[in-house]
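The block underneath contains the structure these notes are about, expressed in C-alpha cells.
Here it is in C-alpha cells:
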C-alpha cells in the first residue's frame, strides 16, 4: 500500500503551512495533497502560492495532488477552481462536482475526494468514464461496504481502472455548511469573521452536556470529536485498499505516517484510547466507537 498526506484542513499561517510541506518532503508519505478545501476566505495561501509550493515539493519525487474546495458559494470561486484544475502539471483532487465537470471538459484525470457522495458501483463507473483515476471513499463507509461496492464491479463485468483510497487518520470531515460555526462560536457574523479559525490550528472542540467531545468545529466544516485512527486495521486493508490517507494535524503527523507503515502487517500496534480515538465507521458501527 501507499501512504498519502491529505490536504491540511485547518487554517494555518502561510509560514507554518510551508514549513509543514517542506518537512513532508522528507517524510515516508508517497503522496502529498495540498490546497484549500474548506473556505475560500482563507487567503494566507493563494492559488499562485499553492502552485509554486507544489512544484517545490514535487522535486522530492513524491506525487503531489492539488485539492479543491468542497463547497463553492460564489461564481468568483470558479476562477480559482479553473486555475487549479488547468494547472498543467499536477493531478487534481475534486471535492465538488464543478471540479469534476471542468476536468472532464478538458479531458483531465482527477481524484474523487471524500466530499463526493459516491456509494455504489454505477456512480463509480460514471466517474471513471469522466476521468476518475482514484477514489477516496466517503469517510462514513465501512470495510464491508467497500468490499460490496468493489464486488459489484465484478458482478456487473465492469473493468475497474481506479485506485481506492481510505481516510485513515485525523478528525473526520462529516459535513459542510454555508454557515461558519467557528465564527458563530465567537459571536461573529460570517461576513465579518476576521478568519478567526486561524486561532484554532486543529479546530475548536465541542462538548455535550455530559462532557463528551462530540465534534470539532473547523470553519464551515464539522468534524468528528474523536480522532479517526485505522492504524491497527491496516492488515485487513491489504488487497482491498491501495492508498491510506493520513490527515495532517501538525508536524507530529509525519511521525504517524512512519508508525502506520511500521504496523502494516500488524507487528507494531499503535496505542489507541477510548474517548480520544475512534474507528467505528470502518467496522460498520457508530462512528465514535473504538474496537481494538
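Residue numbers (my numbering): 3 to 294. Just so you know, even glycine gets a beta-carbon here, dropped at the ideal spot from N, CA and C.
Close Cβ partners of residue i (< 6 Å) along its chain, the five nearest in sequence each way excluded
{"i": "residue 2", "result": "In the structure as shown, the chain begins at 3 and stops at 294. Residue 2 is therefore absent and cannot be evaluated."}
{"i": "residue 177", "result": "224"}
{"i": "residue 116", "result": "138, 140, 141, 169"}
{"i": "residue 30", "result": "259, 260, 263"}
{"i": "residue 182", "result": "192, 195, 221, 222"}
Contact check, residue i vs residue j, beta carbons under 7 Å
{"i": "residue 92", "j": "residue 66", "result": "yes"}
{"i": "residue 244", "j": "residue 151", "result": "no"}
{"i": "residue 8", "j": "residue 247", "result": "yes"}
{"i": "residue 106", "j": "residue 85", "result": "no"}
{"i": "residue 27", "j": "residue 59", "result": "yes"}
{"i": "residue 231", "j": "residue 173", "result": "no"}
{"i": "residue 236", "j": "residue 188", "result": "no"}
8 Å contact criterion, which residue i and residue j should meet: CB distance rounded
{"i": "residue 118", "j": "residue 89", "result": "Not confirmed; about 20 Å, so no contact."}
Assigned secondary structure, residue i (DSSP; H/G/I helix, E/B strand, else coil)
{"i": "residue 17", "result": "helix"}
{"i": "residue 134", "result": "strand"}
{"i": "residue 64", "result": "coil"}
{"i": "residue 287", "result": "coil"}
{"i": "residue 26", "result": "helix"}
{"i": "residue 279", "result": "strand"}
Contact set for residue i: own chain, Cβ-Cβ below 8 Å, skip 5 residues either direction
{"i": "residue 291", "result": "280, 281, 282, 285"}
{"i": "residue 272", "result": "231, 233, 234, 261, 262, 265"}
Exposed unless 16 or more other CB atoms sit within 10 angstroms - verdict on residue i
{"i": "residue 211", "result": "exposed"}
{"i": "residue 38", "result": "buried"}
{"i": "residue 69", "result": "buried"}
{"i": "residue 217", "result": "buried"}
{"i": "residue 156", "result": "exposed"}
{"i": "residue 149", "result": "exposed"}
{"i": "residue 228", "result": "buried"}
{"i": "residue 293", "result": "exposed"}
Contacting residues, own chain, Cβ-Cβ under 7 Å from residue i (five flanking each side not counted)
{"i": "residue 122", "result": "151, 154"}
{"i": "residue 190", "result": "196, 198"}
{"i": "residue 1", "result": "Since the first residue of the chain shown is 3 and the last is 294, residue 1 is not available in this structure."}
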